[in-house]
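Asker:
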Ligand SMILES: [Zn+2]
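In the numbering used here, the protein residues as written are 5 to 436.
1. Over the uninterrupted beta strand (DSSP E) stretch that includes residue 293, give me the two end residues.
2. With distances taken from CA atoms, which of 408, 412 and 406 is nearest residue 396?
3. In angstroms with no decimal places, state the Cα-to-Cα distance between residue 123 and residue 96.
4. I'd like to know whether the C-beta atoms of residue 26 and residue 92 end up nearer to each other than 8 angstroms.
5. Can you name the residues that DSSP bridges to residue 182?
6. Since residue 269 and residue 310 are thought to touch, with beta carbons under 8 angstroms apart, how far apart are those beta carbons, to the nearest angstrom?
7. So which of 273, 384, 282 and 400 has the shortest CA-CA distance to residue 292?
8. Could you tell me whether the Cβ atoms of residue 81 and residue 106 are closer together than 8 angstroms?
9. By the three-class DSSP mapping on this structure, what secondary structure does residue 329 have?
10. Could you say if the segment 381–396 and the segment 297–314 meet the contact criterion of at least three C-beta pairs nearer than 8 angstroms?
11. For residue 145, which residues from the same chain have a beta carbon less than 7 angstroms from its beta carbon, with the 5 sequence-adjacent residues on both sides left out?
12. Since I believe residue 76 is in contact with residue 104 (beta carbons under 8 angstroms), could you give me their beta-carbon distance rounded to a whole number of angstroms?
13. In angstroms, rounded to a whole number, what distance separates the CA positions of residue 394 and residue 335?
14. Tell me which residue opens and which closes the beta strand (DSSP E) that residue 387 is part of.
15. Would you kindly report the start and end of the unbroken alpha helix (DSSP H) that includes residue 46?
16. Go to residue 299, then tell me how far its beta strand (DSSP E) extends in each direction, as first and last residue.
17. Mind pulling the alpha helix (DSSP H) runs of 4 or more residues that sit fully within the segment 66–128?
18. Quick check: the Cα distance between residue 22 and residue 79, rounded to an integer number of angstroms?
19. Would you list the residues sitting across from residue 312 in a DSSP beta bridge?
20. Under the DSSP definition of a beta bridge, which residues are partnered with residue 439?
21. So, helix, strand or coil for residue 139, using DSSP?
22. Is it the case that the Cβ atoms of residue 73 and residue 58 are separated by a distance below 8 angstroms?
23. Looking only at C-alpha atoms, which of 275, 14 and 125 sits nearest to residue 289?
24. Just reading off the alpha helix (DSSP H) that residue 399 is part of, what are its end residues?
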């Protein structure tokens with residue numbers, strides 16, 4: 005067994021070994037970040053039943069949230085600027101320094117910035133960045149105190165651009181929840197005036213039944229109402245036997261079935277990895293057809309399940325192909341970005357559009373629905389379908405206004421690929 009107390013080891017040997025372990029540790033740190041970055045980029049955590057890289061690092065690797073977030077962010081930056089890996093491995097740059105540099109690195113300045121930050125303390129790197137990338141002074145403001153308790157500002161959260169569909173989860177927040185004793189959690193957050201007014205109004209509204217409700221009681225009552233409302237709105241839990249008609253295409257899910265799925269699945273993602281780890285995420289839940297409707301899947305309890313958005317997309321990629329879905333979604337997103345730039349640049353065009361919206365006979369079309377429709381057309385065009393096919397396929401967006409882009413593309417691909425297969429079969433038949 006390793007003697008960790010080292011009581012019998014002479015001073016000179018302890019010092020020599022410390023330097024040696026430190027050297028190896030820095031190399032191992034760089035390799036650890038490199039592996040995290042690849043798992044993150046390839047989204048390998050999804051197949052193992054985790055909805056985000058952060059969740060995988062915390063739950064599977066037992067990293068703290070802070071260190072996991074740092075490694076993920078540094079890893080993403082280092083994939084773009086591999087000199088960061090080298091600087092960490094050689095012990096020239098610590099993780100905190102790399103994290104500070106990350107948002108400022110460009111192909112032009114990366115080597116220079118990393119060299120300037122080498123062997124510098126965190127404070128020195130902060131000063132270096134303040135010199136090269138000066139920021140405006142903080143605005144002087146006096147925040148109103150809530151219930152007499154002074155609210156300290158939350159820790160700064162380093163900005164980053166996340167890869168699409170890759171979420172680090174709910175943990176990067178300015179609010180803090182600290183367990184204080186069994187059953188008690190301390191909250192620390194900052195609210196704006198509007199929130200304060202809402203709290204005051206809510207307190208007045210419930211003053212008959214709870215005349216002395218304090219902040220904790222107010223929050224509990226407000227959240228109970230909010231959770232009940234959202235569960236009813238999204239999954240029909242608690243809704244009175246209202247039953248929507250099941251559309252011919254089978255996409256609409258009757259409330260009673262929606263409720264059954266939600267209750268059966270425990271209100272969380274059911275995706276389970278090969279090692280038996282169930283995702284269990286309660287964030288961005290979607291109801292998924294195990295066998296997609298486009299491939300003939302029925303809207304039945306057996307064929308429905310709750311999945312988080314990340315796993316829903318993962319499953320769609322498994323069925324329709326990763327490149328296929330990725331390309332469709334990315335191209336659609338690029339198209340959307342291009343349209344936004346064009347819309348901003350052309351004031352004349354925007355005015356024209358506004359005029360068009362005002363004169364539309366049936367009132368302005370819902371912008372989100374129009375956007376969804378346009379994105380589906382763009383995705384189908386990107387996949388090689390002609391304009392007529394794409395416009396036809398995009399009708400699914402109009403029929404399923406609550407569906408996501410991925411769901412609409414999945415739905416549209418079914419009939420389109422059946423037609424292609426049919427035509428292919430006809431061609432094969434006619435050529436024999
Ligand atoms: Zn999930």
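Backbone N, C-alpha and C define an ideal beta-carbon position, used for all residues, glycine too.
Answerer: Quick look at the numbers:
1. Start at 1 with the first residue of the chain shown, and residue 293 comes out as number 289. It spans 289–293 - the beta strand (DSSP E) in which residue 293 sits, taken as one unbroken run.
2. Here the question's residue 396 lines up with position 392 in the chain shown. Minimum Cα distance to residue 396 is reached at 412.
3. For the purposes of this step, residue 123 is taken as residue 119 along the chain shown, with counting starting at 1. For the purposes of this step, residue 96 is taken as residue 92 along the chain shown, with counting starting at 1. Between residue 123 and residue 96, the C-alpha separation is close to 5 angstroms.
4. Counted from its first residue, the chain shown places residue 26 at position 22. Counted from its first residue, the chain shown places residue 92 at position 88. No. Outside cutoff.
5. Along the chain shown, read from residue 1 onward, the residue named residue 182 stands at position 178. The partner list for residue 182 (beta bridge, DSSP) reads 190.
6. Within the chain shown, residue 269 is the residue found at index 265, counting from 1. Within the chain shown, residue 310 is the residue found at index 306, counting from 1. Sure, about 4 angstroms apart at Cβ, within 8 angstroms.
7. Walking along the chain shown from the start, residue 292 turns up at place 288. It is 273 whose Cα lies nearest to the Cα of residue 292.
8. For the purposes of this step, residue 81 is taken as the residue at position 77 of the chain shown. For the purposes of this step, residue 106 is taken as the residue at position 102 of the chain shown. For residue 81 and residue 106, yes; Cβs fall inside 8 angstroms.
9. Against the chain shown, residue 329 aligns to sequence position 325. Reduced to three states, the DSSP call for residue 329 is helix.
10. no
11. Here residue 145 corresponds to residue number 141 of the chain shown, with the count starting at 1. Summary for residue 145: the model assigns pLDDT 43, below 50, so the residue's position carries little reliability; its value from the coordinates is reported in the next sentence. The answer is none, since no qualifying residue turns up.
12. As a first step, residue 104 is located in the chain shown; it is residue number 100 there, counting from the start. As a first step, residue 76 is located in the chain shown; it is residue number 72 there, counting from the start. Actually they do not touch by this definition, with Cβ atoms about 15 angstroms apart.
13. Here residue 394 refers to the residue found at position 390 of the chain shown. Here residue 335 refers to the residue found at position 331 of the chain shown. Going by the C-alpha atoms only, they are around 14 angstroms apart.
14. Numbered from its first residue, the chain shown carries residue 387 at position 383. First-last for residue 387: undefined, no H or E at that position.
15. By one-based count along the chain shown, residue 46 stands at place 42. Looking at the DSSP string, the run of the alpha helix (DSSP H) that includes residue 46 is 15–46.
16. As a working mapping, residue 299 is identified with position 295 in the chain shown. Counting along the chain, residue 299 falls outside any beta strand (DSSP E), and DSSP gives it neither H nor E.
17. The DSSP assignment places 69–84, 87–93, 99–105 and 114–121 as complete runs of the alpha helix (DSSP H) inside the segment 66–128, in order along the chain (cut-off: 4 residues).
18. Residue 22 sits at position 18 when you count from the first residue of the chain shown. Residue 79 sits at position 75 when you count from the first residue of the chain shown. Taking the straight line from one Cα to the other gives about 26 angstroms.
19. Taking the chain shown and counting its residues from 1, the one referred to as residue 312 is at position 308. Paired residues: 289.
20. The chain is shown only over 5 to 436; residue 439 falls outside these bounds and no answer can be derived.
21. Residue 139 sits at position 135 when you count from the first residue of the chain shown. When secondary structure is reduced to three states using DSSP, residue 139 falls in the coil class, being assigned neither helix nor strand.
22. Counting from 1 along the chain shown, the entry for residue 73 is found at position 69. Counting from 1 along the chain shown, the entry for residue 58 is found at position 54. In this structure, residue 58 lies closer than 8 angstroms to residue 73 by Cβ.
23. Residue numbering aside, residue 289 sits at position 285 when the chain shown is read from its first letter. Out of 275, 14 and 125, 275 has the C-alpha closest to the C-alpha of residue 289.
24. Translated into the one-based positions of the chain shown, residue 399 becomes position 395. Where residue 399 is concerned, the enclosing alpha helix (DSSP H) stretches over 399–403.
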